[in-house]
Amino acid sequence: MRKDQHKILKEVHPSRVIIPLIISVAVGIYIVAVEETPPSLSDLHFNRQMVGWLLAVLAMVLMRDIGYIIRLRILSDKQLSLLQSIRITFLWEFASAVTPSAIGGTSVALLFLYKEGLSIGKGSAIVLATFFLDELYFILMFPLVIWLGGWQQLFEVTPGDPGSIFHNQFFWFAIAGYGVKLIIISLVSYGLFINPKAIKKLIAVVFRLPFLKRWQHDALDAGDEIAMASKELTAKPFSFWLKSFTATFFSWTSRYWVANFLILALFFGLKGQLNQDIVSIGQQIHIFARQLIMWIMMMVMPTPGGTGFSEVVFLQYMDVFIPKGFASLMAIVWRFVSYYPYLFIGAVILPGWIRKSFKRRHAPKKVKD
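First residue of the sequence shown: 1, per UniProt numbering; consecutive thereafter.
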C-alpha cells in the first residue's frame with residue numbers, strides 16, 4: 001500500500017475534473033443543438049409548487065449522502081468518526097466521478113480509509129462490503145422494476161410484437177450491464193463468503209492472459225484484499241448486513257428520486273402543460289425504473305462517471321416524460337444536481353486532505369483482521 005500510494009492518487013488528482021468537464025460541455029452543446037424545439041424559459045414560472053419540488057430534489061441529494069455516511073459508520077464498526085465518514089464519502093464520490101463507472105473509485109477508496117487510520121484488512125473489508133452491497137441492490141432491484149414497470153413500457157416494445165424488444169439499443173445496454181454486475185457479484189460473494197483462496201488463484205490465472213497482463217498487479221492486489229476481507233466479514237452477524245443494506249437501499253433510492261422530483265418541478269412550473277398522469281404512482285414508478293436501468297447501462301461505459309453517455313441516454317430514454325423542448329435542459333440540470341457537486345467538492349477538499357494525511361505518520365487503529 002505504501003509503495004503504491006502516489007500511483008493511486010494520480011488516478012484522482014484534482015486536474016482529472018478537466019476530462020469529464022470537457023466531455024460534459026461538448027455533449028451539453030450537442031444535445032441542445034439537436035433539440036428540435038428549443039426550450040422557452042419564459043414559460044417557466046417559479047410558483048410555490050415548483051419551489052417545493054426543487055427543495056425535495058435537494059432533500060434527496062442530502063439523503064443520498066446521509067445513507068452513505070451511515071453505511072460507512074456501520075461497516076467500520078464506528079471506528080470512523082462522523083467527520084471522517086463525511087470526508088471519505090465526498091472523496092469516494094469524487095473518485096467515482098473521475099473514474100469509469102465500472103471501477104467506481106473502489107481502488108482509491110482503500111487508500112482513503114487507510115490514511116484515515118484503518119488497517120489494510122479493515123479497509124479492504126469496508127471497500128468490498130460496500131461494493132457487494134451496491135451490486136446486491138442492483139441485482140435485486142432490476143427484476144423488481146422490470147416487473148413493476150413492464151418490459152413493454154420500459155423498452156417501448158411494439159404492441160403485438162414482443163420480438164421488437166431486441167431492436168431496442170437500451171435493452172442490450174441494460175442486459176450487458178446487468179450481466180456484468182451478476183458475474184462480478186457472484187465472484188465477489190464466492191470469494192468473500194465461501195472460498196477466498198480459490199478466487200485469488202482464479203484471478204492470478206485469468207490476469208496472466210496477454211491482453212490482461214497490464215492489470216495483473218492491481219488484480220493480484222484485489223485477490224489479497226478479498227482474502228483479508230473474508231475473515232473480517234464472515235464473522236459479522238445478520239443484523240450487521242441488514243443495517244448496512246438498509247442504508248444502501250436508502251441511499252441509492254434517494255439518488256433515483258432526484259429525476260422524479262426534477263420532472264415534477266418542471267411540470268408544475270409550466271403553466272397549462274401539467275400532465276395529470278405524471279403525478280400518478282404508476283408513472284412515478286416508471287420514471288424511477290428507467291433511472292435505475294440507466295445506471296445499470298452505465299456499467300459498460302468507459303468515460304469518467306459515465307459522463308457524456310448519461311446525458312445522451314437521459315435525453316433519449318426519459319424524454320417521454322418531459323414536455324417538448326425541455327428534454328436537453330432537463331438532462332443538463334439533472335447532471336448538474338447529481339454529478340457536478342461531487343466533482344467540485346472533491347476537487348476542493350482532496351488537496352488539503354492529501355497534505356494533512358501524508359504529513360502525519362500513519363498508525364492504523366488496532367482491529368482484528
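The C-beta atom is built at its ideal place from N, Cα and C for all residues, glycine as well. Note that this is a predicted model, so its numbers are computed, not measured.
Worksheet item: Quick one: what's got a C-beta closer than 7 Å to Leu148's C-beta in the same chain, skipping five residues either side?
Response: Result list for Leu148: Ile285 and Ala289, in chain order.
Worksheet entry | Other residues of its chain near Val32: CB distance less than 8 Å, five sequence neighbours each side excluded | Only Pro38, Ser328, Leu329 and Ile332 meet the Cβ criterion.
Worksheet item: So, do the segment 112 to 125 and the segment 258 to 273 have three or more beta carbon pairs nearer to each other than 8 Å?
Response: No: fewer than three Cβ pairs fall under 8 Å.
Worksheet entry | CB of Ala174 within 7 Å of CB of Tyr342, strictly | No.
Worksheet item: CA-CA distance, Leu264 and Phe250?
Response: Going from the Cα of Leu264 to the Cα of Phe250 covers about 21 Å.
Worksheet item: I think Ser230 touches Gly191, with their Cβ atoms under 8 Å apart; what is that distance to the nearest whole Å?
Response: Going by Cβ atoms, the distance from Ser230 to Gly191 rounds to 7 Å, so yes, they are a contact pair.
Item to complete: Go ahead and label Pro237 buried or exposed: buried means 16 or more other beta carbons lie within 10 angstroms of its beta carbon, across all protein chains shown.
Response: Residue environment analysis places Pro237 among the exposed positions, since fewer than 16 neighbouring C-beta atoms fall within 10 angstroms of its C-beta.
Practice prompt. Would you mind stating whether Val258 and Ser338 have Cβ atoms separated by less than 7 Å?
Written response: In this structure, Ser338 lies closer than 7 Å to Val258 by Cβ.
Worksheet item: Just to confirm, are Gly223 and Ile194 a CB contact at a threshold of 7 Å?
Response: Contact flag unset, no.
Worksheet item: Does the distance from the CB of Phe112 to the CB of Ile345 come in under 7 Å?
Response: Not a contact, by the Cβ cut-off of 7 Å.
Worksheet entry | Boundaries of the alpha helix (DSSP H) in which Ser164 is found, first to last residue | DSSP places Ser164 outside any alpha helix (DSSP H), giving it a letter other than H or E.
Discussion item. Is the separation between the beta-carbon of Leu242 and that of Met141 shorter than 7 Å?
Written reply: No, these two residues do not count as a Cβ contact at 7 Å.
Discussion item. I need the straight-line Cα distance from Leu350 to Glu93, nearest angstrom please.
Written reply: In this structure, the alpha-carbon of Leu350 lies about 11 Å from that of Glu93.
Worksheet item: When burial is assigned at 16 or more other CB atoms within 10 Å of the CB, is Val313 buried or exposed?
Response: Buried is the label assigned to Val313, since at least 16 other Cβ atoms lie within 10 Å of its Cβ.
Worksheet item: For Pro304, does the three-state DSSP call read helix, strand or coil?
Response: DSSP places Pro304 in strand when its eight states are reduced to three.
Item to complete: Using only alpha-carbon positions, find the residue among Ile146, Leu154, Ile139 and Ser164 that is nearest to Ile183.
Response: Measuring from the Cα of Ile183, the nearest candidate turns out to be Ile139.
Fill in: Coarse secondary structure for Leu118, derived from DSSP in three states
In the structure shown, Leu118 falls within a coil segment according to DSSP collapsed to helix, strand and coil.
Item to complete: Using three-state DSSP, classify Leu44 as helix, strand or coil.
Response: Three-state result, Leu44: strand.
Worksheet item: Are the CB atoms of Ile296 and Gly177 nearer to each other than 7 Å?
Response: Yes.
Worksheet item: In whole angstroms, what is the alpha-carbon distance linking Gly52 and Met298?
Response: Taking the CA atoms as reference points, Gly52 sits about 30 Å from Met298.
Worksheet item: Taking just the CA atoms, how far does Gly325 sit from Leu54?
Response: Per the coordinates, the alpha-carbon of Leu54 lies some 20 Å from the alpha-carbon of Gly325.
Worksheet item: To the nearest whole angstrom, what separates the beta carbons of Ala125 and Val108, a pair I think is in contact under 8 Å?
Response: Actually they do not touch by this definition, with Cβ atoms about 17 Å apart.
Worksheet item: When DSSP labels each residue in this structure, what does Leu80 get in the three-state scheme?
Response: If DSSP states are grouped into helix, strand and coil, Leu80 belongs with coil.
Worksheet entry | Cut-off 8 Å between Cβ atoms - residues of its own chain near Ala247, not counting five sequence neighbours on either side | Result list for Ala247: Gly67, Tyr68, Ile70, Arg71 and Ile74, in chain order.
Worksheet item: Name the DSSP beta bridge partners of Leu270, please?
Response: Under DSSP, Leu270 forms a beta bridge with Leu44.
Practice prompt. Could you work out which residue in Pro196, Lys197 and Leu220 is closest to Phe207 when comparing CA atoms only?
Written response: For Phe207, the nearest C-alpha among the options comes from Leu220.
Practice prompt. Just mark Gly305 as buried or exposed, buried being the case when its beta carbon has 16 or more other beta carbons within 10 Å.
Written response: Taking all protein chains shown into account, Gly305 has 16 or more neighbouring C-beta atoms within 10 Å of its C-beta and is therefore buried.
Discussion item. What residue range does the alpha helix (DSSP H) around Ala174 cover?
Written reply: Gln169 to Phe193 is the extent of the alpha helix (DSSP H) around Ala174.
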